[in-house]
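For reference, the structure is listed below as structure tokens.
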Amino acid sequence: ACSKLTASHIWRRWSLNRFDQQRLLEWVCLDRIPLMFTHEISKISTTPGNKFLQEATNFSSFSLSRKQINSITVIRSFNSNDPIKYVLEEVINTYIDDESPLKIEFKDVSNVEEFVEAVNSCSDNILILDCHGNHGGEDSHGWLQIGSDRVDTWVLPVIYPPIVILSACLTAAIGGSHASVANGFLSKGSLSVLGTLLPVDAYKSANFIGSVLSRISNYLNELVKLDVPMITWRKFLTDFLRVSYCHDFLLSFRDETKIISHELYIELYKCCQEIIISRQECWYDNALIAMQEICGIEANVLDLEVQKLGLTETMLYSQLGRPENIIIDLTIS
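Residue 77 is where the sequence shown starts when you use this note's numbering, and the numbers rise one by one after that.
Written as structure tokens, this is what we have:
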């Protein structure tokens, strides 16, 4: 059975699934692990007030078929001698084989004009930004480095796609103002932005995004087999973040504490994925029990090791906007 906490009951009763972005509530542990893994959540910014009211009262939704999210645009901007320029593309190619239904187009841009043109010509529902980024402190706008231009996503003459994934540092920065890169996308058309709270490593970020893309086809296919008729984009990302968190702590078990072998790591990771795919409410407790049966280490010992981890790679990312308003219809391909 799931652990029962008063805070959890209050949480369900009030149905609070969107947060004031200025507070990192997703890192708060209500039941041993961070809230972003125990609950399905997203964040909206309370400032500026007109945007907060607009997003908070937006209850409209629209549906996308699997085919409509299989086509993805990646806008990339790096100097020709930047060692990480092709990292994301190379890593994605290891996740996506020739039989994958995903069609991914990379567009290189070198200035703000080319960036605007690339965005406005994008007809896909998912846009990935691959570049450098930063915030402007508490009083200035965040920006993306597009060629030699520091681009403010708030002021461009564009309408952004509904789903944006940011492979850039500090796009929803802890130390930044409300005028973050991520919020700029939300202010001009996007419903869901996956942003970064802190600097991210290019290779780890590339693997994170490669996993998201792989999951778009593989995970949705598994849900179809289970006769699941639909899933919101927020639920999709929440389940992905849970799997990614399992990857984080299993890597720690293998490489740092060395309490499992590589073979056990693979088996335990597969086990965790199956539990999350089956949409079990008490997924974490069930995963601990299943891992105990496989590796022979008591569930409470594994739980304590997980709680010792602190900040993990997955926790650098945050769901922003209203991803629950995007519904993926699994009854049509």
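For each residue, glycine too, the CB sits at the ideal point set by N, CA and C.
Where does the unbroken alpha helix (DSSP H) through R226 begin, and where does it stop?
Premise fails: R226 lies in the beta strand (DSSP E), 225 to 227, not in any alpha helix (DSSP H).
What is the DSSP secondary structure of T114, counted as helix, strand or coil?
helix
Which of the three DSSP states, helix, strand or coil, is assigned to T272?
strand
Here's a check: name, in chain order, each residue in its chain whose Cβ is nearer than 7 Å to the Cβ of K161, leaving out the five neighbours to either side.
F154
Assign Q395 to one of three DSSP states: helix, strand, or coil.
strand
What ranges does the beta strand (DSSP E) occupy inside the stretch 265 to 333, keeping only unbroken runs of at least 3 residues that lie completely in it?
Along the length of the stretch 265 to 333, whole beta strand (DSSP E) runs at least 3 residues long occupy 268 to 272, 306 to 308, reported in chain order.
With a threshold of 16 other CB atoms inside 10 Å of the CB of F261, please say whether the residue is buried or exposed.
buried
Tell me which residue opens and which closes the beta strand (DSSP E) that H208 is part of.
202 to 212
For the stretch 106 to 123 against the stretch 164 to 182, are there 3 or more C-beta pairs whose distance is under 8 Å?
no
Going residue by residue through the stretch 114 to 171, where are the continuous beta strand (DSSP E) segments of at least 3 residues, counting only ones entirely within it?
118 to 120, 138 to 141, 147 to 153
Can you find the residues in the same chain that come closer than 6 Å, C-beta to C-beta, to L340, ignoring five residues on each side of it along the sequence?
So the list reads C371, once near-sequence residues are dropped.
Secondary structure at V195, three-state DSSP: helix, strand or coil?
helix
If I measure Cβ to Cβ from P305 and keep anything under 8 Å in the same chain, skipping five residues before and after, which residues do I get?
D405, L406, T407
Quick check on the burial criterion: 16 or more other C-beta atoms within 10 angstroms. Buried or exposed for T247?
T247 is buried by the Cβ-count criterion.
Integer-rounded CB distance, given that L205 should sit under 8 Å from L289
L289 to L205, Cβ: 14 Å. No contact.
At a cut of 8 Å, does the stretch 255 to 275 reach the stretch 220 to 236 through at least three beta carbon pairs?
Contact annotation: the stretch 255 to 275 touches the stretch 220 to 236, with at least three C-beta pairs closer than 8 Å.
Give the DSSP-derived three-state secondary structure of D361 in the structure shown.
Helix.
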